[in-house]
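In what follows, a single structure is set out as structure tokens and then discussed.
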Amino acid sequence: MEYAVLDKLSNYTISSILSALYVLKKKFHIGGIFADTDILGSYWPIISAKRYIGRALLASTLSSDLAICKSLLIFITFSVRSQDIRNTVGNIPMEWYKDYPHIGYDLEGKKIFKPIRNKDELDEFLDKMENPDYWRTVQDKMTGADIRLSDEQVDLVHRLQQGKFGDVNFNEYEPAIDFFSNEVMIHPVTNRPQDKRSFIPSLIEKEKVGKLVHAIKMGWIKPHRPKETTPQYYDLWAKEDPNSILGRHKMHIPAPKMKLPGHEESYNPPPEYLMSEEERLAWEQQDPEYRKLSFLPQKLACLRAVPAYSRFIHERFERCLDLYLCPRQRKMRVNVNPEDLIPKLPKPKDLQPFPTTQSLVYRGHSSLVRSISISPSGQWLVSGSDDCTVRFWEVSTARCLKTVEVGGAVKGVAWNPNLSICLVAVSYDDTVVLLNPGLGDRLVCTATDQLISSYEEPEEVKDQPVQWAVAEGEGHEQGHRLILKHPKAVRQVTWHGKGDYLACVIPDNGSSLQVVIHQVSKRRTQNPFRKNKGLVQCVSFHPIRPYFFVATQRYVRVYNLIKQELTKKLMANCKWISSMAIHPGGDNVICGSYDCRLAWFDLDLSTKPYKVLRQHKKALRSVAYHRHYPLFVSGSDDGNVIVCHGMVYNDLLQNPLIVPVKVLKGHTITHDLGVLDVTFHPTQPWVFSSGADGTVRLFT
Amino acid sequence: MGGLQKKKYESGSATNYVSRNKARKKLSLSLADFRRLCILKGIYPHEPKHKKKVNKGSTAPRTFYLLKDIRFLLHEPVVGKFREYKIFVRKLRKAYGKAEWSGVERMKENKPVYKLDHIIKERYPTFIDALRDVDDALSMCFLFSTFARTGKCHVQTIQLCRRLGVEWMNYIIDLRSLRKVFLSIKGIYYQAEVLGQTITWIVPYQFAHDHPTDVDYRVMATFTELYTTLLGFVNFRLYQTLNLVYPPKLDGQGEFNLKSECEEDYALESESYSEKLSALSASLARTVPLVEDEEAEPDHFPAEGEDLETMEAREKIELEQNKQKKLFEGLKFFLNREVPRESLAFLIRCFGGQVSWDKSLCIGSTYDETDEMITHHIVDRPTIDKQYINRYYIQPQWVYDCVNAKILLPVEEYFLGVTLPPHLSPFVEESEGDYVPPEKLKLLALQRGEKPREETEEEEEGDEEEEDEDDEEEDDQSEEEDEAEDEANLAEMEEKRAQGKRLSVKVTPGKVKQENRMRTEQEEKAEEKRLAIMMMKKKEKYLYDKIMFGKKRNVREANKLAAKRKAHDDANKADKKQNKKKKC
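Same order as they appear, the protein sequences are chains A and B.
Sequence positions in the first sequence follow the UniProt record's numbering and run 1 to 700.
Sequence positions in the second sequence follow the UniProt record's numbering and run 1 to 584.
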């Protein structure tokens, strides 16, 4: 840069300066003048000054005017000195010399050394405190020396900081000279002739306009939109076109209208529609979505006092959202009279006879009565209870005729259905005792005793799972005749219709010996099943045919005893069967279950229930059929005995008719148990029920 | 196995529905435009029967539209306009950016506009269809017309809504077809019957709105756009059916009456006419002059499948309606300045009354307060200084209650400073077993022409006079008697309700033998029913239980209301007693 500037000086200027300097050096031996043009050209004002100085010098040397020459030289010296450029490294980042002891080279090529010791913080601080000129001292990066700025320099810095011109004398508001004014000069600024295009119309524009004109002519574009001529509103439905009703309109589901307001929305509602304090609190705590009313009913004294409703816009907006965002669906509202849903059944009155009232209560047991049974003549009743007694009652008087104590809680009692035999099977613990109560006809009783005693041991004794023993001594006096010891506890005993066979249930999930059939006359015991097919709940003989019913938890299996095979497996559709009864006709079975259901099977129809009744609130404990009348009964833990009319027709096409006819109440619930056993009178439409309250009741 | 394997989700319900996003892509519209289109065309989402099938096995919640609906939208000319408008906005923005003001001007002039006429015609092929859907349109228009003219929506929209609302009200006045009105805490509900259609709309009270922030005004504006178009066409058609000039003009007399006033006080020259129309005080001009032939009654013929009884019932209803139309005929009302002028003027004019107000209140007043002929002066302040003798000063609720009762109610209960009787909703129609507030019972009695209450009141007054003479003991006795009477009434009421309710209600034990037989019979029946219910199928049992649950709930609620009322009345009575004692 500096050299480029120097080039601009005419050669003669430089040579004249040099020659002047030479002369001066020769004449006056002025030291310290550096005859190097480099020094001169540091910046333009100085250079320009130098130009004049050079000229002046030359002139003065030529004219040998020493006074002027000397003063000029002093000026030059000053200007050079004030520059004070001794380092010749040029404009380079000074950190290149960071690791060196020197900082550059002087004009003679000698190293300029850094000041010996850099100031540390303390020095700096002391300097700051003591030196009044500290604030105007700066470090020269080129030399590393401290320079105290002069007043002019400080002033210059201030001016530059304020954004002013560095030169004090510079006037930035000099009057502007308007070169291109409105005054027409005689001579043009430029003498260039005008272009041709400036006075010839543009071809491109012409083309564009032509295109537009053409488009307008052709009607492609319209310069102005034609004003609407049709009125804003007119008779839109002037000619209603029946064809315009499309399939869409038939499919369209119009939005339901908004709900009309009730009394509670009034500004002055009747007092009962206002919310009480608790209701209001509950309303406030409720989620707005689930509130029945979207607002709080208010009572205002007069119309003037009615405030603006703050949610008005909200509600309209929600309506808008409903209109365009809600899926619409035709919902079939069940418009049915609830009375029509109730099935039409024949009146219970027309289905008489059936037990309606409780007529007798047989009291005497001190604990729950698990099982009852009635003699085939219908004159005596036997009941077995958890208080380890078996009681015999006279049915018509409710008198306890006999009490027999046994060795454990009685689980089941069963009167032999054969009229010519007077025997009662009683099961407790692992024992089944055949009792002769000695009631009724003496002849029959003695005949029974004879029958038992006339037994002769067969020649070859088979190994039996059950031990038969004849009761003797005190037991015999009480009526015990035969004692059958089973391997495990016996739950239920049931007689075959002929009165010779006796089936016992020994519920045991582990073994195959769950059901045993005893033949009393031959004192023989059979285990009919080789395999365990689930926990057996109860068993029953078919009243006519040689079938045997076994109810496990969920199924009822029907076995043919002669063919010794499974004939049917009934699915009860319930969780746990509790009891089972077989219609005297033999083609229908009812099952009570612990999950409150009573399933009626029609064996001819299907293996699934023909009907499932859910009448009871709690588990069913016992069910029974009447021997002659079309009645069946179920007793449950809710203390009720429900009598149903169950008519079975001989005609195979007609399904059985099942009508509940009476709910009999009487038993009190003790320990969450209600009725434990029910049974019908063999000839009369009477029901006996035994309950957990230790009573047996007769309903007639 | 031969044949191509059937792929999943390529037929059936999966192809009949499209999700919203897919529909949007198919129409190549932005979501906002898609929404707008759905609103305008009345397309709503559908809930598929098997959502998982439609959703291609996914259970993510999605809205589905019928594919047919979306195909139907494809051919809508408005869609093209939407796109044009989008381009227009882009161009305009560009011109603004380049500061090409002439270009901006030109573009604004050629702004693409679309009309919804064809959509209205398409959505409502017959006029009755349109009329059926006018409920929401009216409510929306009346809401928008109350908006301030700044922000939220265009001023033109607000003005248009106001215009249409006024037109509608004028039509209703002319037809005299208003049926019910209800002052709720939300706003004023009106119900009119137009061409056999019941139309209900709600008008907010005249207050500035506190605009909520969580409401999308664009959606509302789109609806309003559609509704204004619909309402305009409906109004035009309705005016045509009555031979009225559309846009409405005041008839000669009305115009004359109003001209005499200095109009400049109320409104600008340009707006004064519409303001006069909205005053609702003058009748409208007709294209064909009205010939008054009220004698000519149409003969009635029973329609097909209608027997004589129903026809008679219909005639009776018509007669009643005609009577209601002339409810306020011959009455002259004056509205004080604090009452809601527009609503009351609309109501009174709807039923043939004359109405006016203070000149400084609004344009269109026809007579002064000093008019001797004024029969009712409606005031909503506790007292008024200067009272004229020959007119009733009543509270505004009287007008509303009269309209709902269809008779002129006794004014005593509505005098100034009197505690008003409750204002009941006319929309509630009590079925059997519902709770009926005693005021409603009273009203029904009044409608039947009975006046049972007044007599008792007189008796009470007589009693009171006697009591003044006698000791306090008698006072107590009479009070007790009153109470006993009331209780008996209540018991009667309850019994009435109970009879209508259910059969299985237990009858209180009686002493006479005959009743006993009845009771046993009923018990038997109840037992029978109980037994029959046992035999119900599971499904039917569920339904039956549900219905019975609902019925029971209704009964419970009704009982609760009755109990509340009784408690309230008792408390009131006790208060009265105390006050009386204090006085003594």
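Don't be surprised by glycine CBs; every beta carbon is placed ideally from N, CA and C.
Quick caveat, the model's predicted, so the values are computed rather than measured.
{"Check": "What is the rounded straight-line gap between the Cα of residue 470/A and the Cα of residue 449/A?", "Outcome": "11 Å"}
{"Check": "Can you look up residue 580/A in the DSSP assignment and give me helix, strand or coil?", "Outcome": "strand"}
{"Check": "Distance check for residue 489/A and residue 429/A, CA to CA, integer angstroms please.", "Outcome": "5 Å"}
{"Check": "Could you list which residues in chain B have their beta carbon closer than 9 Å to that of residue 342/A, in chain order?", "Outcome": "529, 532, 533, 535, 536, 540 and 544"}
{"Check": "By the 7 Å beta-carbon criterion, what residues does the stretch 284 to 298 of chain A contribute toward chain B?", "Outcome": "295 and 298"}
{"Check": "Specify, as a first and last residue, the run of the alpha helix (DSSP H) that residue 503/A falls within.", "Outcome": "Not the alpha helix (DSSP H): residue 503/A falls in the beta strand (DSSP E), residues 501 to 505."}
{"Check": "With a floor of 3 residues, list each beta strand (DSSP E) that falls wholly inside the stretch 508 to 544 of chain A, ordered by position along the chain.", "Outcome": "515 to 519, 524 to 526 and 536 to 541"}
{"Check": "Could you spell out where the beta strand (DSSP E) holding residue 392/B opens and where it closes?", "Outcome": "392 to 394"}
{"Check": "So what does residue 376/B bridge to, in DSSP terms?", "Outcome": "333/B and 392/B"}
{"Check": "Within its chain, find whatever has a CB closer than 6 Å to the CB of residue 229/B; leave out the 5 residues flanking it on each side and keep chain order.", "Outcome": "116 and 120"}
{"Check": "Report yes or no: is there a C-beta of chain B within less than 9 Å of the C-beta of residue 235/A?", "Outcome": "yes"}
{"Check": "Examine chain A for any beta-carbon lying closer than 9 Å to the beta-carbon of residue 140/B, and answer yes or no.", "Outcome": "yes"}
{"Check": "With DSSP as the reference, please indicate the residues paired to residue 284/B in a beta bridge.", "Outcome": "250/B"}
{"Check": "Return the Cβ separation of residue 619/A and residue 580/A in integer angstroms, given the expectation that the two are a contact with Cβ distance under 8 Å.", "Outcome": "The Cβ separation is near 15 Å, so there is no contact."}
{"Check": "Per DSSP, which residues does residue 610/A bridge with? Please list them.", "Outcome": "According to DSSP, residue 610/A bridges with nothing at all."}
{"Check": "Measure how close the beta-carbons of residue 420/B and residue 302/A come, nearest whole angstrom, since I'm counting them as under 8 Å.", "Outcome": "7 Å"}
{"Check": "Where does residue 318/A fall in DSSP's three states?", "Outcome": "helix"}
{"Check": "Taking 9 Å as the CB-CB cut-off, is residue 39/B touching chain A?", "Outcome": "yes"}
{"Check": "When the distance is taken between beta carbons, is residue 492/A closer than 9 Å to residue 411/A?", "Outcome": "yes"}
{"Check": "From what residue to what residue does the alpha helix (DSSP H) around residue 284/A run?", "Outcome": "277 to 285"}
{"Check": "In chain A, what lies closer than 7 Å to residue 547/B by C-beta?", "Outcome": "338"}
{"Check": "Taking the alpha carbon of residue 440/A as the point to measure from, which residue in 327/A, 582/A, 535/A and 401/A has its own alpha carbon closest?", "Outcome": "401/A"}
{"Check": "Along chain A, which residues have their Cβ under 8 Å away from the Cβ of residue 121/B?", "Outcome": "236, 237 and 244"}
{"Check": "Does any residue of chain E bring its CB to less than 9 Å from the CB of residue 396/B?", "Outcome": "Of the protein chains in this structure, namely A and B, none is chain E."}
{"Check": "What does residue 597/A reach in chain B if we use C-beta pairs closer than 9 Å?", "Outcome": "Simply none; closest approach about 11 Å."}
{"Check": "Which of the residues in the stretch 416 to 436 of chain B, read from start to end, lie with their CB under 7 Å from any CB of chain A?", "Outcome": "420, 422, 423, 424, 425, 427 and 428"}
{"Check": "With residue 316/A and residue 140/B assumed to form a contact (beta carbons below 8 Å), what rounded beta-carbon distance in angstroms separates them?", "Outcome": "6 Å"}
{"Check": "For the stretch 116 to 179 of chain B, list the alpha helix (DSSP H) runs that are entirely contained and at least 4 residues long, ordered along the chain.", "Outcome": "117 to 123, 127 to 132, 134 to 144 and 155 to 175"}
{"Check": "How would you list, in chain order, the residues of chain B whose beta-carbon sits under 7 Å from the beta-carbon of residue 310/A?", "Outcome": "210"}
{"Check": "Which bits of chain B does residue 260/A rub up against, with CB to CB less than 7 Å?", "Outcome": "200 and 427"}
{"Check": "At a Cβ cut of 9 Å, what residues of the stretch 568 to 597 of chain A count as close to chain B, listed as they run along the chain?", "Outcome": "none"}
{"Check": "Which residue from 529/B, 343/B and 325/B puts its Cα closest to that of residue 342/A?", "Outcome": "529/B"}
{"Check": "How far does the beta strand (DSSP E) with residue 255/A in it extend, from its first residue to its last?", "Outcome": "Note, residue 255/A: premise wrong, no beta strand (DSSP E); not H, not E."}
{"Check": "Just how far apart, CA to CA, sit residue 214/A and residue 207/A?", "Outcome": "10 Å"}
{"Check": "Tell me whether residue 696/A sits in a helix, a strand or coil according to DSSP, three-state version.", "Outcome": "strand"}
{"Check": "Tell me, please, whether the CB atom of residue 215/B is closer than 9 Å to any CB atom in chain A?", "Outcome": "yes"}
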